[in-house]
Amino acid sequence: MSDKRVYLYDSTLRDGAQTQGVDFSATDKAAIARELDALGIDYVEGGWPGANPTDDALFANPPVLRRARLSAFGMTRRSGRSAENDPSLQALFCPGVRVVTMVGKTWDFQCEVAIGVPLDENRKMIADSIAHAAARVEEAVFDAEHFFDGYKSNPDYALSCVRAAYEAGARWVVLCDTNGGTLPHQIEAIVGAVAAVIPGDHLGIHCHNDTENAVANSLAAVRAGARQVQGTLNGLGERCGNANLVSIIPNLMLKMGFETGVSEHDLRHLTHVSRMLDERLNRAPNRNAAFVGDSAFAHKGGLHVSAVERDPRCYEHIAPETVGNARQILVSNQSGRSNVIARFREIGLEIDPGEPKVNDLLDAVKRRESEGYAYDGAEASFELLARRALEGVPEYFRLNSFRVIDERRWNARGQLITLSEATIKAVVQGRDYMTVAEGNGPINALDAALRKVLLPVYPQLADLRLVDYKVRILTPDDATAAITRVMIESADSKGGRWNTVGVSGNIIDASYNALHDSLTYKLFKGEQASRAA
39 MSDKRVYLYD STLRDGAQTQ GVDFSATDKA AIARELDALG IDYVEGGWPG ANPTDDALFA
99 NPPVLRRARL SAFGMTRRSG RSAENDPSLQ ALFCPGVRVV TMVGKTWDFQ CEVAIGVPLD
159 ENRKMIADSI AHAAARVEEA VFDAEHFFDG YKSNPDYALS CVRAAYEAGA RWVVLCDTNG
219 GTLPHQIEAI VGAVAAVIPG DHLGIHCHND TENAVANSLA AVRAGARQVQ GTLNGLGERC
279 GNANLVSIIP NLMLKMGFET GVSEHDLRHL THVSRMLDER LNRAPNRNAA FVGDSAFAHK
339 GGLHVSAVER DPRCYEHIAP ETVGNARQIL VSNQSGRSNV IARFREIGLE IDPGEPKVND
399 LLDAVKRRES EGYAYDGAEA SFELLARRAL EGVPEYFRLN SFRVIDERRW NARGQLITLS
459 EATIKAVVQG RDYMTVAEGN GPINALDAAL RKVLLPVYPQ LADLRLVDYK VRILTPDDAT
519 AAITRVMIES ADSKGGRWNT VGVSGNIIDA SYNALHDSLT YKLFKGEQAS RAA
């Protein structure tokens, strides 16, 4: 293994779920895991089996990952039990899980005061648990909780704990700055001392951001010899968050010359992945985020603009397209062209960058995004927008009108019920249709009415299902009159998944816009596949 290879371990699905206001569904977790896999992350931590129904659902039906290894997280055996007879530890060995990560204490203070376990017993708990896991999965990982506090308090004991894990068969021994209070120069010195005992290609780092140093601490640990870095997308995590992999990855690759599982081509998807997470969480992306924020390569007026136009290196430390971002010259509103061209290549659209239609499309994207559309998390809607502008997309159906009625009442049994009914008038292949359907809510009723009309004509839509639906309020000051953005994730029986977006002041209209794109995308991609066969 090259000494320049650094392995990336993402804990967004567990550590990120501890963020205030963040609540992942099993569907969210699976979708994010697939994005991390496509990016080139080496390890994706799915969660803690047995801890909650969401994690149980994920591990019962784990996402198929091509490049990453799915990890189950838990803790070392309890005092007084063997590893074989600890139900919590046994729950980690799920079908399809290739890596098990266990956290254990390495700070003498916590052993003696917090959990009341003798120091020798704690060390034996670590060794027994790692040895048990190493015999059952491909890789056992030990997260040394509060390691840096433990090392400062009692270096001999802290080192004896991580040595016990390594000698028991741990593939990685990860040093955790659990309360985020250690500074970069301390991290580098302590990791260097540990690397004298445990080989660097078995050492990892896991930092929290309580002093705003998690990224710097992670990079300092790599300088000192650690070759695995743990973190989360966009720095999600409890309290002040975890180390931000979105910043760590380009720093490792572009600034420090290290190799990761993320290729140069993969790195161009970094901005997309960062914004995808924010869209799933219904959060506004951080405009000032390093590398991927809207303002990361934005220049406004004066000497800066003229200098950048002569040579971008004056005020840009990297080329923005390297990480999938785009330069913005705010005074002239010229931004995003290279990013749009790159997106064309991703969806298989080969077009001359000088084609005038590209400018028209770029104007359309800017206009629609100013209205609230967001295409980073809605790749299917973007592809349809682009193809409509450049080469055309068939109009498979046209909805001339729809009406949705909601009724809330008490039934004969004294139960409070809500009923939804949708009536649509549509044109499909030149024929007029009118139909009515009921559903569990207005969007489900509208979907059911559309399917009544479309399935006899397009039976290939029968396996399409909506797997996620999210609404984000874009103008909260308008209260109930706010503009809303709806994101829909769809899937089919062939394993395809795609996301679409709709925006309107009426939530049902916004939902229909996203639903229309979803149905059209399914039909269009099916036609493409038939022509290619």
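Okay, so the sequence shown: first residue is 39 according to the working numbering, each after it adds one. Glycine included, C-beta positions come from ideal geometry on N, C-alpha and C.
Spatial distance of residue i from residue j (CA atoms)
i: P125; j: D166; result: 15 Å
i: A95; j: A64; result: 6 Å
i: R313; j: L319; result: 10 Å
i: F111; j: L130; result: 7 Å
i: L368; j: R510; result: Reliability of the predicted coordinates at L368 is poor, the pLDDT of 48 falling under 50, and the value obtained from them is presented with this limitation in mind. Cα-Cα distance, rounded: 26 Å.
i: L488; j: V539; result: 18 Å
i: G207; j: I286; result: 28 Å
i: F382; j: L457; result: 43 Å
i: W86; j: V361; result: 32 Å
i: V235; j: L400; result: 56 Å
i: R523; j: G118; result: 53 Å
i: G154; j: D80; result: 36 Å
i: M140; j: S120; result: 15 Å
i: A424; j: L308; result: 21 Å
i: F329; j: V495; result: 47 Å
i: I545; j: A152; result: 50 Å
i: L204; j: V211; result: Position check: residue 204 holds Tyr in this sequence, whereas Leu was assumed. Taking the straight line joining both Cα atoms gives about 7 Å.
i: S549; j: T473; result: 19 Å
i: P101; j: G134; result: 9 Å
Presumed contact (8 Å Cβ cut-off) between residue i and residue j, rounded CB distance
i: Y413; j: V541; result: Contact doesn't hold; Cβ gap of about 11 Å is too wide.
i: E83; j: S49; result: 4 Å
i: H246; j: C278; result: 7 Å
i: A460; j: G477; result: 7 Å
i: I462; j: F440; result: 4 Å
i: L290; j: V44; result: 6 Å
i: S256; j: A281; result: 5 Å
Same chain only: Cβ atoms within 6 Å of residue i, ignoring 5 sequence neighbours per side
i: I521; result: G410, L512, T513 and G543
i: A55; result: F62
i: W536; result: A418, S528 and Y559
i: D506; result: T65 and E527
i: C149; result: K143, V155, L157 and N160
i: G188; result: T144, W145 and A196
i: A182; result: T144, V200, L213 and C214
i: H310; result: G362 and D414
i: V138; result: A110, L130, A171, V175 and A178
Local conformation of residue i per DSSP, three classes
i: R425; result: helix
i: H355; result: coil
i: K42; result: coil
i: R489; result: helix
i: L454; result: strand
i: F62; result: coil
i: N217; result: coil
i: I79; result: coil
i: L157; result: helix
i: N438; result: strand
i: L553; result: helix
i: L502; result: coil
i: Y195; result: helix
i: Q224; result: helix
i: I546; result: helix
Residues near residue i in its chain [Cβ-Cβ closer than 8 Å; skip 5 each side]
i: G564; result: Q498
i: R503; result: S528, A529 and D530
i: T57; result: L274, G275, E276 and G279
i: A258; result: P222, H223, I225, E226 and V229
i: A402; result: L423 and A427
i: A486; result: A460, A475, E476 and G477
Close beta carbons around residue i, own chain, < 7 Å, minus the five adjacent residues each side
i: G238; result: G263, A264 and R265
i: A254; result: P222
i: R174; result: F131
i: K395; result: A427 and L428
i: R115; result: A121, D124, L127, M163, D166 and S167
Within-8 Å CB hit, residue i to chain D
i: A460; result: The displayed structure is made up of one protein chain only, and chain D is not part of it.
C-beta contact flag for residue i and residue j at 8 Å
i: H170; j: T216; result: no
i: D555; j: L422; result: yes
i: R105; j: G299; result: yes
i: N192; j: D248; result: no
i: Q70; j: L51; result: With the sequence shown as reference, residue 70 is identified as Ile, and Gln is not the correct amino acid for it. Yes, these two residues count as a Cβ contact at 8 Å.
i: R201; j: A178; result: no
i: A464; j: V491; result: yes
i: P480; j: D444; result: yes
i: G242; j: Q268; result: yes
i: F186; j: T220; result: yes
i: R325; j: S333; result: yes
i: L437; j: I356; result: no
i: V442; j: L484; result: yes
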